[in-house]
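Participant:
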Amino acid sequence: MHRVYNFSAGPAVLPEEVLKEAADEMLDYRGCGMSVMEMSHRSKVYDTIIKEAEADLRTLLGIPDNYTVLFLQGGASTQFAMIPMNFMKNRKAGYIVTGQWAKKAFAEAKIFGEAVELASSADRTFSYIPDCSDLPITEDMDYVYICENNTIYGTKFKTLPNTKGKDLIADVSSCFLSEPVDVTKYAMLYAGAQKNVGPAGVTICIIRSDLITEDVLPGTPTMLRYKIHADNGSMYNTPPAYGIYICGKVFKWLLKTGGLEKRREINEKKAKILYDFLDQSELFKGTVEPASRSLMNVPFITGDADLDAKFISESKAAGFENLKGHRTVGGMRASIYNAMPIEGVEALVDFMKKFEANNR
Ligand SMILES: *Cc1c(COP(=O)(O)O)cnc(C)c1O
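Letter 256 of the sequence shown, counting from 1, is numbered 256 in the numbering used here, and no numbers are missing.
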């Protein structure tokens with residue numbers, strides 16, 4: 001068997017242990033004589049799988065009882081519309097634009113009402129998180145929206161914005177379960193699973209339950225109402241059953257390996273290895289302002305497009321996959337999610353050192 005170091009931004013690396021366990025259970029899930037992929041989502045066996053997944057997620061994140069957990073479909077991108085359809089009661093909301101995903105959510109919200117740009121870091125190609133201590137938030141705004149970790153640009157909010165009492169909604173797709181969070185600071189947080197948690201096709205939404213009501217914008221389709229999914233335990237229709245099963249295994253792996261405090265410690269250590277190298281390198285440089293650096297996505301450049309291309313091709317040949325930066329920004333990006341072992345980051349830095357010595 002051959003496994004590479006996979007630095008993909010998503011779908012991304014998953015814990016080997018989880019993949020092996022899923023492989024062992026592929027043909028016969030615990031004596032059922034069928035795969036989880038083949039079983040009814042209404043079966044007792046599957047009911048246990050989804051309930052355990054939710055319970056383990058609640059334990060991991062310390063989700064309070066007054067928050068609802070939903071396993072939905074449609075990717076994070078569907079949330080860009082569901083959020084205004086369900087929560088933009090005054091048809092006005094504030095958006096902080098810190099990258100492509102925030103920009104897309106902002107554009108989508110404009111379909112439904114007045115989406116106001118509260119702050120932006122577009123002036124320096126999204127290489128930092130703007131000061132969000134005193135934003136022009138008005139009384140009539142329904143919520144304040146952020147993308148907490150910017151997958152493409154490699155920035156992360158180190159402190160949450162001052163929302164002046166307004167509900168905070170956060171896209172945490174690429175930092176979900178990378179460190180502990182205080183769920184009570186959010187009205188809603190959500191993540192597409194394929195960055196840090198599981199296979200594509202599952203979106204996890206954690207929503208303060210009092211916000212989930214019948215009172216949605218006129219014309220909101222049934223499938224895009226949170227209430228329908230909440231009332232039916234994420235089983236209004238067929239859920240992304242196999243994906244949820246894998247997410248459940250990842251939750252168990254995180255619990256078993258010390259939970260989110262331990263995970264933060266490991267993630268900080270991993271990111272430091274890479275950032276420390278970038279800070280002293282004469283060839284490579286990080287593109288993000290140090291105070292805004294993500295622990296999960298680390299973009300870097302040489303400053304020479306040909307040399308970048310050479311690095312990407314040589315690193316691939318050496319077993320480091322998916323280091324090419326996002327198609328809209330170029331350069332390189334190493335995504336070092338939970339399942340990337342520390343050895344993978346060490347090996348990458350060793351490779352970068354050699355590349356630097358050979359290309360002075
Ligand atoms: C990948 C990503 C998305 C888009 O996710 P889809 O599941 O493809 O819709 C949205 N937000 C963030 C932060 C992402 O990293």
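Glycine included, C-beta positions come from ideal geometry on N, C-alpha and C.
No experiment lies behind these values; they were computed from the predicted model shown.
Could you tell me which residues DSSP puts in a beta bridge with F112?
Facilitator: DSSP lists no partner for F112.
Participant: Would T287 pass as a contact of Q100 if the rule is Cβ separation under 8 angstroms?
Facilitator: No. Outside cutoff.
Participant: If you check the beta carbons only, do W253 and E17 fall under 8 angstroms apart?
Facilitator: Their beta carbons are under 8 angstroms apart, which means W253 touches E17 by this criterion.
Participant: I need the straight-line Cα distance from E214 to M296, nearest angstrom please.
Facilitator: Whole-angstrom Cα-Cα distance: 37 angstroms.
Participant: Three-state secondary structure (DSSP) at C205?
Facilitator: Strand at C205.
Participant: Could you check whether M340 and K270 sit closer than 8 angstroms to each other, using their CB atoms as the reference points?
Facilitator: Closer than 8 angstroms, so yes.
Participant: For the beta strand (DSSP E) that contains V69, what are its first and last residues?
Facilitator: Element bounds for V69: 67-72.
Participant: Restricting to Cα atoms, I'd like to know which of A230, K89, G344, L255 is closest to D140.
Facilitator: The shortest C-alpha separation from D140 is found at K89.
Participant: Do you know how far the Cα of I204 is from the Cα of K166?
Facilitator: Rounded to whole angstroms, K166 to I204 spans 22 angstroms at the Cα level.
Participant: Could you tell me the alpha carbon to alpha carbon distance between L224 and A318, rounded to whole angstroms?
Facilitator: Cα to Cα, L224 sits roughly 45 angstroms from A318.
Participant: CA-CA distance, V45 and F251?
Facilitator: Near 18 angstroms, if we compare the C-alpha coordinates of F251 and V45.
Participant: Spatial neighbours of K316 within its chain, please: CB distance less than 8 angstroms, with the 5 preceding and 5 following residues excluded, ordered by chain position.
Facilitator: Once the five neighbours on either side are set aside, the close Cβ partners of K316 are L323.
Participant: According to the neighbour-count rule (16 or more other Cβ atoms, all chains shown, within 10 Å of its Cβ), is A291 buried or exposed?
Facilitator: Its Cβ having fewer than 16 others within 10 Å, A291 is exposed.
Participant: If you drop the 5 nearest sequence neighbours on each side, which residues of the same chain put their C-beta closer than 8 angstroms to that of S209?
Facilitator: Hits under 8 angstroms: N66, Y67, T68, A230.
Participant: When you compare the CB of S315 with every CB in chain D, is at least one pair closer than 8 angstroms?
Facilitator: In the displayed structure, chain D is absent; only one protein chain is listed.
Participant: Please confirm if the segment 75-83 is in contact with the segment 173-193, defined as three or more CB-CB distances below 8 angstroms between the two stretches.
Facilitator: Because the criterion of three Cβ pairs below 8 angstroms is met, the segment 75-83 and the segment 173-193 touch.
Participant: Using three-state DSSP, classify S234 as helix, strand or coil.
Facilitator: If DSSP states are grouped into helix, strand and coil, S234 belongs with coil.
Participant: Cutting at 6 angstroms between CB atoms, please list the residues of its own chain near P240, excluding the five before and the five after it.
Facilitator: Answer for P240: Q73, G201, V202, listed in chain order.
Participant: Can you tell me which residues form a DSSP beta bridge with V288?
Facilitator: According to DSSP, V288 bridges with nothing at all.
Participant: Compute the distance between the beta-carbons of V299 and G113, then report whether it is under 8 angstroms.
Facilitator: First, the amino acid is wrong: residue 299 is Pro here, not Val. Not a contact, by the Cβ cut-off of 8 angstroms.
Participant: Can you tell me the Cα-Cα spacing of N150 and T222, whole angstroms?
Facilitator: If I take the Cα positions, the gap works out to 30 angstroms.
Participant: Decide if N359 is buried, meaning its Cβ has at least 16 other Cβ atoms within 10 Å, or exposed.
Facilitator: That one is exposed.
Participant: Give every residue of the same chain whose Cβ lies closer than 6 angstroms to the Cβ of L70, excluding the five residues on either side of it in the sequence, and list them in chain order.
Facilitator: Counting only Cβ-Cβ distances below 6 angstroms, and skipping sequence neighbours, we find C205, H229, S234.
Participant: Which ranges would you report for the alpha helix (DSSP H) in the segment 251-275 if only whole runs of at least 4 residues count?
Facilitator: Fully enclosed alpha helix (DSSP H) runs of 4 or longer: not present.
Participant: Tell me which residues pass a beta-carbon proximity test against ligand 1: closer than 6 angstroms to any heavy atom, given in chain order.
Facilitator: That gives G10, G75, A76, S77, W101, C147, T151, D171, S173, S174, G192, K195.
Participant: Is G243 closer than 8 angstroms to P199 when the C-beta atoms are compared?
Facilitator: In this structure, G243 lies closer than 8 angstroms to P199 by Cβ.
Participant: Distance, Cα to Cα, P34 vs T238?
Facilitator: Looking at the sequence provided, one finds Met at residue 34 rather than Pro. Roughly 18 angstroms between the two C-alpha positions.
Participant: Indicate the three-state DSSP secondary structure (helix, strand or coil) for L348 in the structure shown.
Facilitator: Helix at L348.
Participant: Which residues in the same chain have their Cβ closer than 8 angstroms to the Cβ of I63, if we skip the five residues on either side of it in sequence?
Facilitator: Result list for I63: L57, V69, V183, I206, in chain order.
Participant: At which residues does the alpha helix (DSSP H) containing D306 begin and terminate?
Facilitator: Unbroken alpha helix (DSSP H) run through D306: 305-317.
Participant: Are E117 and Y143 close, meaning C-beta to C-beta below 8 angstroms?
Facilitator: No, these two residues do not count as a Cβ contact at 8 angstroms.
Participant: Could you check the C-alpha separation between P418 and I169 for me, to the nearest Å?
Facilitator: Beyond the ends of the chain as shown, which are 1 and 360, falls residue 418; an answer cannot be given.
Participant: Distance check for V13 and F320, CA to CA, integer angstroms please.
Facilitator: For F320 and V13, the distance between alpha carbons rounds to 12 angstroms.
Participant: Just to check my reading of the structure: S8 and K156 have Cβ atoms closer than 8 angstroms, yes? What is that Cβ distance to the nearest angstrom?
Facilitator: So it is not a contact: roughly 19 angstroms between Cβ atoms.
Participant: Do L274 and I336 have their beta-carbon atoms positioned less than 8 angstroms apart in this structure?
Facilitator: Contact: yes.
Participant: Going by Cα to Cα distance, which pick from I49, K158, A193 is closest to R30?
Facilitator: The residue with the shortest Cα to Cα distance from R30 is I49.
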